[in-house]
Structure formats: C-alpha cells, structure tokens
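Below is one structure, written out as structure tokens; the observations come after it.
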Amino acid sequence: MDKSGKEIASLAYKPPFPPTSSLVSQDDLVLPAAFNDISPLARELQLLRYEARDEVHRFLCAFFDLSRFNAIRKMLWLIAVHGAPRSLYYQKFLRREIVIAEELDLHLVWAKSRIFIKPLPDFLLNYDFWEANISCDPQLHRAACGLLYSYCGLIRFGHDLRVAQESRLINENLDYRAWSEFARIILPNLNPKDSNIMDKRFQYGELRLNRLDTIYRYSPYKFSISSILQGFPHALTESYVPYMDQYNNAVSAFGIVVIILSAFNLSLASHSKNPDPDLQQAAYGFKAQILLALQAYQADPKLSLRRAAKIYEVNFSTLYRRNSGMQARSDWVPKLRKLSDLEEQVIVQYILDLDSRGFPSRHRDVEEMANRLLADRDASPVGKRWAINFIKRQPELKTRFQRKYDYQRAKCEDLITIRNWFRLV
C-alpha cells in the first residue's frame, strides 16, 4: 500500500492490456444498482455505489465467485480435456441453445441442448477500472483473466461476434476489427497453465453438467450430505428446470434415502454375521412400512395413529414408541462406540462406491466422513487412530500406497477402458 492507504497492484497482477487498448471508456461503464452476496441462494439485495470501494470489491467477489470448484479442481482432468472452449458458431453447429448465466461457476457448462455462458462485462474491457478494482486482489485477477481467455476462444471470427451480440453476451457496439486487435494483445499475457495468472478451472473448456455433478457429489475432498443430495447444479432449479425434474423435491429425496438406509440397517442387524435373504427382505419391508406410517400420520392432522397402523399393517405399540421418539434396538449406539452400525455401513458403502469410480479414499477422508456424521448429532469427533482401526475391522476395506498404483495405471492406459469409465460416471 502507499501512504494514502490505497492498494497498489504488483507487476504480476497488472491488466493484460495497456491503457490505449481499452475497448470501453470509463464514462460508459454502468454497474448494477444492487447485488447479492457470494451465496448464489442469497435473497437480500446489497446496495452498490461506484464510489464505495468496499462495496465494489464485495460485488466483484460475488461476480467472480468460483468457490464450488475449490473441492473439485484436482478432479477436473477426469471429465474434461485441456484447451480453450470452442467457438460460439460451433456451439450453434452442435445445436446448443445459449443461456445466460451470471454465476461464473456455470460458465461454459452444458447439458443436453443448452450451454450456459456468462456475459463479458464492459468493465473488463476498461484498463482504469481493472487496475483500480481487480488488480489489487489476486483471486479476482485470476478469475477475470480466465473469463477474458474463454471469450478469446468463443469469439474467433466475425460470425462468432455476431452470435455473441445477438445473445447479449458482449457489448453491441464492438466491431470485429477492434475485438481482433484486443484479443491479439491480451492472448500473450494469458497463460492458462500459470495458476498465478489464471484460475485452474479455465485450463478446460466446456464441462458436461452430469459429469461435473458426479464428481461434485462423490468427491473425497468434499464429503457432505448436502453435496450428495443437491449435487453441483443446485443453483439451476430456475435456470434449467428440465435437468432438475429428475430430483422432484428435496423432501421426497431425503425421505427415500432415510427409508432405504433405515431398512438396510434393520435387515443387517437381524442376523449380523449370516443374514438370511428372506429375513432381510422382510425386515426391509417392515421398517419401510413403519416409516411410511409415521410420515402419513405427521402429514395428515385428521389421521389417528391407530388408523395409520391399521392402514400400513404395522404393530400399533411399535408405531406408538417410534412416534414418541424411542429408537429401535438396532439403532442404539453402544457407549464405547462412536458410530452406529448404520453409520458405519454408510461410510463403508460410500468408500466402496468411490473406489468403483476410481476415487480411492484416504485415512483423513474417512475421518472427515465420520466427523460429519457425528457433528449432525453434536457428538465429539473421532480420535487420531479411529480411521486405521475402523479399516482393520472392516473385511471389505484394505489400505494400499497410491503412488505405485498411479504409476501402473499410467503405463496401462487403454482407450476402451477409459471410454467405459466415462460411461460409468
């Protein structure tokens, strides 16, 4: 900082173009009157005044937010290839409808016949605004450079610029000659392989939504119930309804998960070592009927508990105890154990599912899974050696050094195997 307290950008974070190459003048810049905070689900509007530096900075932090990629940056190579995005004309050739998305983490994400693209703001084409408000923050600088770099790939020819202007993605007063000269100047200063200049997300072009959603749900770097249930596109409920149709609503999804996992726990607890298949099926049906009866009783004020027990053919005493908050014996957690049988089986199945998709878990990932489950019921976290002991007593799990297997996989890359893996995810 200088003596006046103003931040001065270092040479590494200067705008990627000189002052004489600005395509939009300072007087023509128009910022929105209000904005939402970083959370894409925030509803309260925040006033934005151009003369207030802190408000402009908070607006830019929300404008260039890429926080949802923090947990999956290391896994993007599994679902995409390095390179710039294909041109807008080629997107039209693929019959993809261009949909405006203000969230930067949805930029260049496509699903079915749609591709979401974030418009290029005028203030990124002005040197003075960039130097005063963006260069002072390395994270904003990397995101802004990445957005500019992506538009160099999207707009390559004159017809690409026309498509961008017709889709309201870029300033309508720009001509192709000015844009071509601007891109020729900034491209040498935008190196996607340098993480100090550009965010790692922009090392890749378009990202397929269903594959992005898969690694977001099952990433070992971000294990949480909310990420599993919501997935990556929880902000698309309004902008892309057809994709979200398969989820119905969060309550129904949560109810289905609870019924399946609870019935699975009861069937395992019936005979812990050698469970009988018929008994497992009967236990599953009984536990599911209990949960359905409780849900019906709580949803309908006119339905009595005894009537619900009769409709769903369950024991009234059992239904009464469950409604009073008394747990089933199979759900009790011994005092010397941290997790119940159900919770341990959930972790085991989750680890096996990740392994089947090529994402082996580590000890600290297992500890984090257990601590998240314990945090939901305000229990103390596990100890240092809990994960090691947990793996030892699970016959399905074993530990191996990852580096040797990565080397063997690198020597045995096969196109058919890789294609089959992508079909799996």
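Residue numbers for the sequence shown follow this note's numbering, beginning at 379 and rising by one. Each residue gets a CB set at the ideal place from its N, CA and C atoms; glycine is no exception.
Could you tell me whether the stretch 540-553 touches the stretch 461-476, where touching means 3 or more Cβ pairs closer than 8 Å?
Counting Cβ pairs under 8 Å, three or more are found: they touch.
Report buried or exposed for LEU423, applying the criterion of at least 16 other Cβ atoms within 10 angstroms of its Cβ.
By the neighbour-count rule (16 or more Cβ atoms within 10 Å), LEU423 is not buried but exposed.
Would you decide whether TRP455 is buried or exposed? Buried here means 16 or more other CB atoms lie within 10 Å of its CB.
By the neighbour-count rule (16 or more Cβ atoms within 10 Å), TRP455 is not buried but exposed.
For ILE457 versus ARG589, is the C-beta distance shorter than 8 Å?
For the pair ILE457 and ARG589, the CB atoms are nearer than the 8 Å cut-off.
With burial defined as no fewer than 16 other Cβ atoms inside 10 Å of the residue's Cβ, what is the status of PHE471: buried or exposed?
By the beta-carbon neighbour count (other beta carbons within 10 angstroms, threshold 16), PHE471 is exposed.
N-terminal and C-terminal residue of the alpha helix (DSSP H) that VAL760 is part of:
Secondary structure note for VAL760: it is in no alpha helix (DSSP H), with a DSSP letter that is neither H nor E.
Kindly indicate which three-state DSSP category GLN624 falls into: helix, strand or coil?
Caution is warranted here: a pLDDT of 46 is assigned to GLN624, below 50, making its placement in the model unreliable, and no coordinate value can be reported.
What is the C-beta distance between ARG595 and LEU444, in whole angstroms, given that I count them as a contact (C-beta under 8 Å)?
With a Cβ gap of about 18 Å, ARG595 and LEU444 do not count as contacting.
For ASN569, count neighbouring C-beta atoms within 10 Å of its own C-beta (all shown protein chains included) and say buried if the count is 16 or more, exposed if not.
Exposure of ASN569 is indicated by the presence of fewer than 16 other C-beta atoms within 10 angstroms of its C-beta.
Please work out which residues of its chain come closer than 8 Å, Cβ to Cβ, to LYS384, disregarding the five sequence neighbours upstream and downstream, and give them in chain order.
Here the model assigns LYS384 a pLDDT of 43, short of 50, so the residue's position is not dependable, and the following value carries that caveat. Correct list: empty, nothing qualifies.
Coarse secondary structure for TYR428, derived from DSSP in three states
Coil, per DSSP.
Relative to the C-alpha of ALA677, which residue among ILE769, ASN701, PHE694 is closest?
Residue ASN701 holds the alpha-carbon nearest to the alpha-carbon of ALA677 among ILE769, ASN701, PHE694.
Which of helix, strand or coil DSSP assigns to TYR529
In this structure, TYR529 counts as helix in the three-state DSSP scheme.
For the alpha helix (DSSP H) that ARG451 lies in, which residues bound it at each end?
Per DSSP, ARG451 is not a residue of any alpha helix (DSSP H), being assigned neither H nor E.
Does the beta-carbon of ARG446 have 16 or more other beta-carbons within 10 angstroms, so that it is buried, or is it exposed?
Residue environment: ARG446 is assigned as buried (16 or more neighbouring CB atoms within 10 Å of its CB, all protein chains considered).
Reducing DSSP to helix, strand and coil, say where PHE471 ends up.
In this structure, PHE471 counts as helix in the three-state DSSP scheme.
I think LEU503 touches LEU401, with their Cβ atoms under 8 Å apart; what is that distance to the nearest whole Å?
Contact holds; Cβ gap of about 4 Å.
Nearest by alpha-carbon distance to ILE493: which of ASP500, PHE507, ILE478 is it?
Checking every option, the nearest Cα to that of ILE493 belongs to ILE478.
Select from ALA686, LYS490, GLN667 the residue whose C-alpha is nearest the C-alpha of TYR675.
The option with the nearest alpha carbon to TYR675 is ALA686.
Run the proximity test for GLN404: is its beta-carbon closer than 7 Å to any non-hydrogen atom belonging to the ligand COA?
Inclusion of the ligand COA in the displayed structure is not the case, the ligand content being empty and no account of it being possible.
Just to confirm the assignment, what range does the alpha helix (DSSP H) spanning TRP375 have?
Past the boundaries of the shown model lies residue 375; the chain is included only from 379 to 803, so the question cannot be answered.
To the nearest angstrom, report how far apart GLU433 and ARG755 are at their CA atoms.
Each residue's alpha carbon lies about 38 Å from the other.
Per DSSP, TYR582 forms a beta bridge with which residues?
In the DSSP output, where bridge partners are listed per residue, TYR582 has HIS460.
One question on the structure: do PRO410 and SER513 come within less than 8 Å of each other, judged by their Cβ atoms?
Taking 8 Å as the cut-off, the Cβ atoms of PRO410 and SER513 do not count as close.
Taking the alpha-carbon positions, what's the TRP764 to TYR582 distance?
Computed Cα separation, rounded: 38 Å.
Cβ separation of ILE450 and ILE593, assumed to be a contact under 8 Å, to the nearest whole Å:
The C-beta distance from ILE450 to ILE593 rounds to 5 Å, short enough to meet the 8 Å contact threshold.
Proximity winner among ARG562, GLN772, PHE560, LEU518, relative to GLN727 (alpha-carbon distances):
It is GLN772.
Secondary structure at ILE575, three-state DSSP: helix, strand or coil?
DSSP places ILE575 in coil when its eight states are reduced to three.
Given that a residue counts as buried once 16 or more other Cβ atoms are within 10 Å of its Cβ, and exposed if not, what is TYR391?
Label assigned to TYR391: buried.
Rounded to the nearest angstrom, what separates LEU669 and LYS680 at their Cα positions?
If you draw a straight line from the Cα of LEU669 to the Cα of LYS680, it is about 18 Å long.
Counting contacts by CB-CB distance shorter than 8 Å, is LYS680 in contact with chain C?
In summary, chain C is missing from the structure at hand, where a single protein chain is found.
Following the continuous alpha helix (DSSP H) through PHE560, name the residue where it begins and the one where it ends.
Its alpha helix (DSSP H) spans residues 554-564.
Helix or strand or just coil, what does DSSP make of ILE794?
Helix at ILE794.
If you drop the 5 nearest sequence neighbours on each side, which residues of the same chain put their C-beta closer than 8 Å to that of LEU683?
Residues of the same chain with a CB within less than 8 Å of the CB of LEU683, apart from the 5 flanking positions on each side, are TYR675, PHE694, LEU697, TYR698, ASN701 in chain order.
Rounded separation between ARG473 and GLY536 - CA only:
Going from the Cα of ARG473 to the Cα of GLY536 covers about 19 Å.
Identify whether PHE442 lies in helix, strand or coil by the three-state DSSP scheme.
Per DSSP, reduced to three states, the secondary structure at PHE442 is coil, with no helix or strand assignment.
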